[in-house]
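Engineer: I have a structure here, written as structure tokens, and I will follow up with some questions on it.
In the numbering used here, the protein residues as written are 170 to 518.
Structure below.
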């Protein structure tokens with residue numbers, strides 16, 4: 170973890186410390202796996218501040234840090250910090266929490282620094298890439314399992330629960346996000362989480378799911394048809410598949426992220442469904458399910474070594490249904506690697 174901290178404090182003034190309060194960066198910089206903590210870091214200081222429930226765990230998981238019991242009080246903790254300026258995570262802290270800490274740190278100045286603190290996480294090292302690939306493998310295996318499980322007459326919740334149970338039985342510690350299982354006309358909802366709707370013959374079934382493995386997320390989407398696909402379903406599916414494959418084949422290290430989005434978007438627009446693809450092509454995945462950079466029309470970023478992003482075009486037609494196909498790709502050794510290996514041809518169950 171020290172190399173990560175070195176990157177964080179590089180260029181940090183001698184009068185500054187960094188206060189981390191959000192779990193993703195607590196885990197990233199220290200290895201500590203509790204949300205009930207803070208990190209206080211400077212060029213010459215590595216502190217974990219937590220309560221008595223977690224002090225033993227913190228000492229075991231974060232050996233590069235000194236552990237302080239929060240019961241000592243923030244006035245005393247800040248009083249021992251010989252730094253005038255505190256950089257903090259403005260996106261992870263409530264107003265009440267900020268006001269309490271600022272009052273306790275009398276005389277010190279607070280500065281918003283979320284982007285600076287998050288920045289090193291954009292580039293994953295080989296260990297992180299390996300863990301994410303393993304997490305995505307669990308998702309692939311879960312999808313293979315669900316193909317033999319899902320059938321007409323089941324509810325969306327039943328299918329989602331089976332996916333989630335399978336992943337947790339096979340190495341996952343948690344879910345990346347609430348599982349999306351949207352069937353029939355509900356598949357036109359990009360974030361249609363599972364309901365008690367009964368899945369019928371002829372329904373699209375869109376499954377968007379992921380798991381957490383060793384602290385990192387996976388993410389994948391597949392759309393299948395329960396029963397026999399109609400001609401229109403095949404048409405829409407083939408357009409999305411063409412857009413996704415063309416984007417993946419056209420993405421390279423150094424490509425502007427907006428250009429990657431445009432590759433897929435052009436295919437869908439030329440087919441006459443541009444207005445039915447309303448979200449970005451993809452997002453970065455890591456400790457959090459949505460990180461930076463993104464494949465979006467407004468992105469100013471370029472794809473670089475160590476980035477991990479989803480590629481997930483979709484078409485959503487109100488009253489008819491929708492299709493999304495999502496793989497997780499990474500830049501490793503200058504090459505694009507696809508971590509998702511589930512089949513993408515239209516599957517009829």
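Just so you know, even glycine gets a beta-carbon here, dropped at the ideal spot from N, CA and C.
1) For the alpha helix (DSSP H) containing residue 225, list its first residue and its last residue.
2) Using beta-carbon positions only, say whether residue 454 and residue 477 come within less than 7 Å of one another.
3) Using the beta-carbon count (16 or more within 10 Å), is residue 204 buried or exposed?
4) Label residue 401 either buried or exposed according to how many other C-beta atoms from any shown protein chain fall within 10 Å of its C-beta, with 16 as the threshold for buried.
5) If contacts are defined as beta-carbon pairs under 8 Å, then residue 470 and residue 462 qualify, I think. What distance do you get, rounded to the angstrom?
6) At which residues does the beta strand (DSSP E) containing residue 249 begin and terminate?
7) Which residues bound the alpha helix (DSSP H) around residue 395?
8) Can you round the beta-carbon distance between residue 289 and residue 177 to whole angstroms, since I take them to be within the 8 Å contact cut?
9) Please report how far the alpha carbon of residue 207 lies from the alpha carbon of residue 313, in whole angstroms.
10) Please classify residue 292: does DSSP put it in a helix, a strand, or coil?
11) Could you spell out where the beta strand (DSSP E) holding residue 182 opens and where it closes?
12) Might you give, ordered along the chain, the residues of its own chain that have their beta carbon closer than 7 Å to the beta carbon of residue 509, omitting 5 neighbours on each side?
13) Measuring CB atoms only, is the region 280–295 touching the region 190–199, in the sense that at least three cross pairs come out at less than 8 Å?
14) Quick one: what's got a C-beta closer than 8 Å to residue 230's C-beta in the same chain, skipping five residues either side?
15) Taking DSSP as the reference, what is the three-state secondary structure of residue 373?
16) For residue 311, which option in 194, 384, 398 and 391 has the closest C-alpha, if you only look at C-alpha atoms?
17) Reducing DSSP to helix, strand and coil, say where residue 451 ends up.
18) Under 7 Å, do residue 185 and residue 271 count as touching if we go by C-beta distance?
19) Identify the continuous alpha helix (DSSP H) that holds residue 193 and give its terminal residues.
20) Check whether the region 231–242 and the region 294–301 are in contact - that is, three or more C-beta pairs closer than 8 Å.
21) With a cut-off of 8 Å, do at least 3 Cβ pairs link the region 433–448 to the region 256–273?
22) Considering just the uninterrupted stretch of the beta strand (DSSP E) at residue 215, what are its terminal residues?
23) Figure out for me which residue from 341, 411, 414 and 319 has the closest Cα to the Cα of residue 375.
Structural biologist: Per the coordinate set shown:
1) 224–230
2) yes
3) exposed
4) When all chains shown are included, residue 401 counts as exposed.
5) 4 Å
6) Per DSSP, residue 249 belongs to no beta strand (DSSP E) and is neither H nor E.
7) Looking at the DSSP string, residue 395 is not in any alpha helix (DSSP H), and its letter there is neither H nor E.
8) 6 Å
9) 40 Å
10) coil
11) Premise fails: residue 182 is in no beta strand (DSSP E) and is neither H nor E.
12) 305, 309, 389, 496 and 497
13) yes
14) 199, 200, 201 and 202
15) strand
16) 391
17) strand
18) no
19) 192–199
20) no
21) No, they do not touch.
22) 214–219
23) 319
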